[in-house]
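Worksheet: one structure, shown below.
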Amino acid sequence: MISLPRNSRTRTWLGLAPAWLVIGVFMLVPIALMAVISFLEANPYGGVHFNFSTDAYVQIAFEYDLEDNLVFNPIYINIILRSVGLSILATVVCLVIGFPVAYFITLQPPSKRNFYIYLITIPFWTNLLIRTFSWILILGRNGVIETPLLLTGVIDDSLNMMYTNGAITVGLAYSYLPLMILPIYASLERLDFRLVEAASDLYAHRLEIMTKVIIPLSMPGIVAGCMLVYIPSLGAFIAPDLLGGGKRLLLGSLVQFQFATARNWPFGAAIAMVLLAFVVVALMIYARSARKRALIEGDL
Amino acid sequence: MKRRHLEVGRYHGLGTWTVLCFAFLYLPIGILIIYSFNASSLAMTWTGFSLDWYAKVLRNDSIQFAAVNSLVIATITTLFATAIATAAALALVRGGRFTGHTASLGLVTLPLVVPEIVTAVAVLIFFANLNLNLGIGNVIIAHTTFCIPFAFMPIRARLVGMDTSLEQAARDLYSSEWQTFRHITAPLLMPGILSGAMLSFVISLDDFIITLMVAPAGATTLPVYIYSMIRQGITPEVNAISSVFFAASVLLVSIYWLLSRRVMSVPKGTGTSNASGGSRT
Amino acid sequence: MMRKFGAPLVVVTLLVSGTAFAEGDLYIYNWSDYTAPDMVEKFETETGINVIIDTYDSNETALAKLQSGATGYDIVVPSQHFVEIMIKEDLLQKVAVHQMENFGNVDPRWTYPSWDPDQEYSAPWNWGSASFSYRADLYSGSGESLSEFFEPSEEVCGRLGVFEAPDEVINMANLYLGLPYCSEDPAEMTRIQELLVNQKPCVTTYSSEGLNDRLANEEVIISAHWNGYSKKGREAGADIVYAYPQEGIVGWYDSVVVPVGASNIENAKIFMNFMMDPENAAMQSNFSHYANAIMGSGPYLDESLSSAPELNVPADVPVIFGEACSPAAQKLIDRVWTKVLQ
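Chain order of the listed sequences is A, B and C.
Plus 1020 on top of the position in the first sequence (first one is 1) and you've got my numbering.
Plus 634 on top of the position in the second sequence (first one is 1) and you've got my numbering.
Plus 5 on top of the position in the third sequence (first one is 1) and you've got my numbering.
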């Protein structure tokens, strides 16, 4: 770690000041507002009444049945678990697709690398909804994949690829792939290839070079990429709705539904708070391990 | 760092895999563009070639207005978010260990972890209470806030463990802090900054929920316009304007490509590994 | 004329001058593709008022934004039950629509509606209905009953599309079971829940986007639908028929209202009056493919519109308009819907 000269503390905080200012004012304060809202009573027409209530939290694990009896209700817990599962799957798919691509770009001559980076982001200049719509044309009945197979007689009925978890995963992976590739690339790009050569000189196997040298050294990028894919996937609703058929609620659609259609702000806020708690814990674990790693790297 | 493309770093099938990945990324775009030339208003039925939807876009003031809004917002947001994220990443990675390090890291990544709809409603209420009405400026503030982590992550990933010997050498040679930053640190950091900027640009360009909630009168963006077509059905007009965006991005890349090749032919002063970044200065 | 490339200019002026809008503007907040451009142009030419259109995706969004207080919109176009909620929540201004010059053009069927009994707040825009549509060439039924939608036969099972949001679906279920809208009776809502849960295994997708696309593509052969939207699908070449089940169809009626905090109230009133002129109302209908409530607009309507089966409800099919549900009823609806989509 470089040791900065004079009053480095002041400078550190100067560097952080804009971020604190912007995020502090326009994110922290609104979140505090949300936390308050989650403990209030819902106004049936949207918004809230200013009475303290823990109803929203109770509602996550329990429900009033139609006759107003309080019973245990696994619905929301199931929805949370389902969303987490799908997000992990999408993250893994992105990592498997993205890492080799990021690595390939790193191997290109410097003049070409930025070009590849642009190539990866260009598709995302077009609207996500309409891009996801295209997947219906690819995966759907009489779509790009099925039609040739039907015509050549490989299959004789629709494969029913649409409206499945597989379709959602494809959609999510497609939506967030650049968020995986770019950080990995940024981290791989500064990889010192002398280490690779050294490993090779020591007769390390190709696979060993990959798992023991390249992957560990690109870990910051991999972790950043996984977070950038995993977290937005949790709240995604376009791919689940369009490609999954919206038959099973996921977190993104659920929070959306509570705020917009059901107009139950406290409950929507409570779910968001629980979600936030999960992510914050994960982040703290990550920060701790990152600090440990930083210490080790600092010794190099 | 000297980059020698030795056989040792290479793996079989890497190129093929990348080609497949690009096919995965571009296949939907190809289909989207093809259907922008479809005579029918139904996305899934091909009835013949036509330029009608492009003509409609040309006549549709609202959609053009929304598209221009989107581009303006995304550009300004990217500038702000990338600058703030770069400063924060430098401070966090180079600042050593200090009280508030973890808190700051958490803060910068916070916008990422809050569900969009929550941010949207919260910021809407907040802006309303402040009586903040900067028109398109409201949207830019909100976008900058949630784009910071997207710019921050690649920059930080690049900075962590980045070789500092060049910077130290520069300092030893009595170059000023600013000179060191401008000629050594920034070029070294450029791939991270570029990645971060690209991410914030596309994230801002595509945002729907937050914009929908936060945008005051006169600040409708393209995604908001598109989602609001639900009542009437989404027409290939959207494909047409998306294709125009796509063409514009391809054009920009081509210009950049031509310019950078010209710069590239000039001998570089700095190390080869950061030539890509250096060429942008 | 609307500003075409004025965005950068808007940034500068707004950043510099805050909320100072030029005189002679009218900010309309509406669904996309739902404000006829030629009608707007005519309005701008006749009055010299500059129109700026912003868009929202749902009544709920419009309500949320008005509730938050900061908007700047002069005209909003919510559906009937949201007009009622907005009035209740003190979000709208009284503009005495009943005293306007063109008010006499409004079909008596639509004057002084239940959601605005004194016609103080709202002027008519378009109205339409929600029911289901089917592919006449692929489906053997005739759309005579909602049972074809809620208790699908084998040929429909797995090829059925339902709306994404509960509003219309649950109202349709109410019609089918002969129950009133917005029921507060748990027993009645239990029946609706059972109906929807039993329907679910046959449902391909709960989505309100691309309804015609999926019908044309044969992914579904029956889909919940809106009448004007269904008409567009038929005109694009797919054999899509909008069903008029004997139990009735769910009506919606969008109105022009002026929110509290509007800065160009006089212009908004001029616009409301303008919209009650037969020719202008017809221009709007021709563009949106939905009917209007103005007498005398018939001669100005496109032939495809006046003869469209989707817009001409058979006399024996009741059109029941959605209501603003009480909190208790809304809670039951939310629970039913969450149960169905769990």
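No residue lacks a Cβ here, since even glycine has one placed at the ideal position from N, Cα and C.
- Apart from the 5 residues on each side of it in sequence, Lys236(C) sits with its Cβ closer than 6 Å to the Cβ of His294, Ala313 and Glu315 in its chain, given in chain order.
- Under the three-state reduction of DSSP, Leu766(B) is assigned to coil, being neither helix nor strand.
- Counting only runs that start and end inside the stretch 229-255 of chain C, the alpha helix (DSSP H) elements of at least 4 residues fall at 232-240.
- If only uninterrupted alpha helix (DSSP H) runs of at least 4 residues are considered, those enclosed by the stretch 744-825 of chain B are 750-764, 770-793, 799-806 and 811-814.
- Chain B has a Cβ within less than 8 Å of the Cβ of Glu214(C).
- Judged by DSSP in its simplified three-state form, Ala298(C) adopts coil rather than helix or strand.
- Nearest neighbour of Ile782(B) by Cα position, chosen from Ile759(B), Tyr645(B) and Ser738(B), turns out to be Ser738(B).
- Scanning Glu284(C), Val225(C), Gly29(C) and Ile197(C) for the CA closest to the CA of Met1182(A) turns up Val225(C).
- Going by beta carbons, Thr1111(A) and Val1249(A) fall inside the 8 Å limit.
- His1225(A) sits in coil when the DSSP states are folded into three classes, being neither helix nor strand.
- Take Leu1199(A), set aside five residues on each side of it, and the residues of its chain with a beta-carbon closer than 8 Å to its own are Cys1114, Gly1245, Leu1248, Val1249 and Pro1252, in chain order.
- Nearest CB-CB separation between Leu165(C) and chain A: not below the 8 Å threshold.
- Within the stretch 866-894 of chain B, those residues whose Cβ lies closer than 7 Å to any Cβ of chain C are, in chain order, Gln866, Gly867 and Ile868.
- When DSSP states are grouped into helix, strand and coil, Thr855(B) belongs to the coil group.
- Among the residues of chain A, those whose CB is under 9 Å from the CB of Tyr211(C) are Asp1261, Gly1265, Gly1266 and Lys1267, following chain order.
- Counting only runs that start and end inside the stretch 301-340 of chain C, the beta strand (DSSP E) elements of at least 3 residues fall at 324-326.
- Taking the CA atoms as reference points, Ser1028(A) sits about 25 Å from Val1045(A).
- Met1047(A) counts as buried, since no fewer than 16 other beta carbons sit within 10 angstroms of its beta carbon.
- For Pro129(C), no alpha helix (DSSP H) encloses it; the enclosing beta strand (DSSP E) starts and ends at Ala128 to Arg140.
- In the three-state scheme derived from DSSP, where H, G and I count as helix and E and B as strand, His1069(A) is classed as strand.
- For Ala221(C) and Ile325(C), the gap between their C-alpha atoms comes out near 29 Å.
- If you draw a straight line from the Cα of Pro850(B) to the Cα of Thr40(C), it is about 19 Å long.
- Take Glu89(C), set aside five residues on each side of it, and the residues of its chain with a beta-carbon closer than 6 Å to its own are Trp120 and Ala329, in chain order.
- For Ile57(C), a Cβ of chain B is located within less than 8 Å of the residue's own Cβ.
- Under the Cβ criterion (8 Å, minimum of three pairs), the stretch 122-139 of chain C counts as touching the stretch 281-293 of chain C.
- For Arg1161(A), the nearest beta carbon of chain C is closer than 8 Å to its own beta carbon.
- Along the stretch 61-74 of chain C, the positions whose C-beta sits under 8 Å from a C-beta of chain A are Ser63, Glu65, Thr66, Leu68, Ala69 and Gln72, read in chain order.
- In the three-state scheme derived from DSSP, where H, G and I count as helix and E and B as strand, Ala723(B) is classed as helix.
- In the three-state DSSP reduction, Asp59(C) falls in the strand class (E or B).
- The Cβ-Cβ distance between Ser228(C) and Ser138(C) falls below 8 Å.
- Annotation for Leu151(C): Met177, Leu180, Tyr181, Pro250 and Glu252 place their beta carbon closer than 7 Å to its own, counting only its chain and skipping 5 residues before and after.
- Assigned with DSSP and collapsed to three states, Leu182(C) falls in helix.
- With at least 16 other beta carbons inside 10 angstroms of its own, Glu1083(A) counts as buried.
- Looking at the backbone, the Cα of Ala241(C) and that of Val691(B) are separated by about 19 Å.
- When DSSP assignments are scanned along the stretch 1092-1166 of chain A, no uninterrupted stretch of beta strand (DSSP E) that is 3 or more residues long falls wholly within it.
- Here Pro264(C) is bridged, per DSSP, to Leu97(C).
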